Structures are given as C-alpha cells and as structure tokens.
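Student: Sharing a structure below in structure tokens format, with a few things to ask.
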Amino acid sequence: MKTLNFGRRAQCKARRDRHTSSTLATAVVVFVAAVAAPSRAFADGVSWDVAAGVAGGSACSNGVDAFIMTNGADVSMVFSNLGVALGGGTPQEGEGACTVQVPASVASGVYPSSVKQTFEYGANRTSGATGTLSTAIRFMGFTVNSVPLTVSASGPAQTASRTDTFDAPSTWAAKWCAVARPANGVLMASFRARATLATPADSIVLFVNGLGLKYEFTTTWRSCGP
C-alpha cells in the first residue's frame, strides 16, 4: 500500500511559494528603483545642466560674483557686481556686462506655453543720474522677448517682470513642436547695465555694493498634442 505524505508535499509547496514571492518582491524593488532614479530626469519638460553653466564678462565671473541655481523647470541667476558705481565728478558714464549660458535638454512633444522673466534689484541714485539694464535672451535657439529696465527710484528691493503666453496654434508652438527641433541647447542670457550722470554732483550705485541683481526665468510647459 502506497502512503501519501501530504505533510511533506505541503512543506515543499510552501518553500516554492516563499521562493516565488521573494523573487517577485526582488523584481518589484528593482523596477521601482529604475523608475524612481533615472539618470537624467526631466522637470516639466526641461532639464538644466547647472554644473556646465558658465558666466563671464566685464562685470561678472562665474562662481565668484555670478551664480546659477535651478528649481525644477525654473532657473535663476544672481549677480553681486553686475553694474556700475559713479560719483565724485568723474566719470560721467559707465557700464558693466555679463553673459550667462546654461545647457538645457527639452523633451520632445512639449513647448513652453508661458515664459516669465523677473528681476529683483537695488539701486541708489540722485535725481540727475540714470540707470538702465538691457537684456538679450535666447532659449534653445529661440529669441525670448526682452525686459528693458529703467531704474527710476532708489532702494534695495525693487522688481520688474514680464510674462509672455503662447497658445497653440502659434508660430512659437509650431517651431517648438517641429520634429527637427534639437533636444539639447542652451539658455543664453546677456545683460548690460549702463549709468549716466547729468552733472558732476550726481551719483549712482547700480547692482553693486550690496544692491545686487537677480534674474529668474520661469516656464510653464504644455503638450504639443491636442
């Protein structure tokens, strides 16, 4: 008579079940890790390579008085010496310039539906002194509207901003959504501060000596599809 050992079979089945469960658990952990830690994640359509960013000009030096920071899809540039300080009779005019380049990657199938530029700055000036900041911005090869800034007041916490929105269909969206658009490019931002004194008695301190300049480039992204 054959004896059926149900207890032994049950033990073998339990071991197989534990092994299968362990294998599945391991597979799930590996899959989650692969999704949670990609080599280069995109934040709202754009990825910034701050480590490769550079800044240089007559009034800035990368990592010394010009700094690049990111927060998701937004990028900021902070300057502590981008400007001029005039007074004491001479000189009557002065300027300072800086150009910043930040490499970026933009996923296919998306475009920036809005671009906001914000300046935070400080200045001290007399009534006969004028100060201006001109900008030239290009993002991934596309020209972005400039924000001309005229300093008309004194104070350490002044702001100026501009927001451009682009609905589809539009030329802006069509160019961004073109199949031939490169995935890699740069944000190139050029800044030029100028100051003029009307009389020898006037003076101005523009974006220097504790009255620095901060520029923020904020984007909102939308799918190219319907």
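In the numbering used here, the protein residues as written are 1 to 226. All residues carry an ideal CB built from backbone N, CA and C; glycine is no exception. Model, not experiment: these values are computed from the prediction.
1) Can you name the start and end residues of the beta strand (DSSP E) that Thr130 belongs to?
2) Please state whether the Cβ-Cβ distance between Phe142 and Trp172 is less than 9 Å.
3) Since Ser190 sits in a beta bridge, which residues does DSSP pair it with?
4) Between the alpha carbons of Leu206 and Val144, how many angstroms are there, rounded?
5) So who's on the other strand from Pro112, going by DSSP bridges?
6) Among the candidates Gly225, Phe217, Glu95, whose CA atom is the shortest distance from the CA of Val289?
7) Given the structure, does Thr165 come close to the ligand PLP, in the sense that its CB is under 8 Å from one of the ligand's heavy atoms?
8) Spatial neighbours of Gly96 within its chain, please: C-beta separation below 7 Å, excluding the five flanking residues on both sides.
9) Give every residue of the same chain whose Cβ lies closer than 6 Å to the Cβ of Leu133, excluding the five residues on either side of it in the sequence, and list them in chain order.
10) Could you name the residues of the same chain whose beta carbon sits closer than 6 Å to that of Glu120, not counting the 5 residues immediately before and after it, in chain order?
11) So what's Ala107 in DSSP terms, helix, strand or just coil?
12) Using three-state DSSP, classify Val205 as helix, strand or coil.
13) What first and last residue would you give for the alpha helix (DSSP H) that runs through Ala173?
14) Roughly how many angstroms separate the alpha carbons of Ile68 and Val100, rounded to a whole number?
15) Taking the beta strand (DSSP E) that Thr90 falls in, what are its first and last residues?
16) By DSSP, does Ala52 sit in helix, in strand, or in coil?
17) Looking only at its own chain, which residues have a Cβ that is under 8 Å from the Cβ of Pro156, when we skip the five neighbours before and after it?
18) Buried or exposed: which applies to Pro112, given that a residue is buried once 16 or more other Cβ atoms fall within 10 Å of its Cβ?
19) Please report the residue range of the beta strand (DSSP E) in which Leu149 lies.
20) Note down, in chain order, each residue of its chain lying with its Cβ closer than 6 Å to the Cβ of Ala136, except the 5 sequence neighbours on either side.
21) Taking 9 Å as the threshold (C-beta atoms), are Met77 and Ala55 in contact?
Tutor: Checking against the coordinates, here is how it stands:
1) 129 to 139
2) yes
3) Thr99, Ala136
4) 24 Å
5) Partner(s): Trp221.
6) Residue 289 falls outside the range modelled here, since the chain spans only 1 to 226, and no answer is possible.
7) What this structure holds is no ligand at all, so the ligand PLP is not there to describe.
8) Excluding residues within five positions, the ones whose Cβ falls inside 7 Å are Ser58, Ala59, Leu82, Gly83, Val84, Ala193.
9) Leu149, Ala193
10) Thr159, Lys214
11) coil
12) strand
13) 171 to 176 is the extent of the alpha helix (DSSP H) around Ala173.
14) Straight-line spacing of the CA atoms in Ile68 and Val100 works out to 9 Å.
15) Neither: Thr90 is in no beta strand (DSSP E) and is coded neither H nor E.
16) Note: Ala52 maps to helix in three-state DSSP.
17) Gly122, Gly210, Leu211
18) buried
19) 149 to 151
20) Ser190
21) yes
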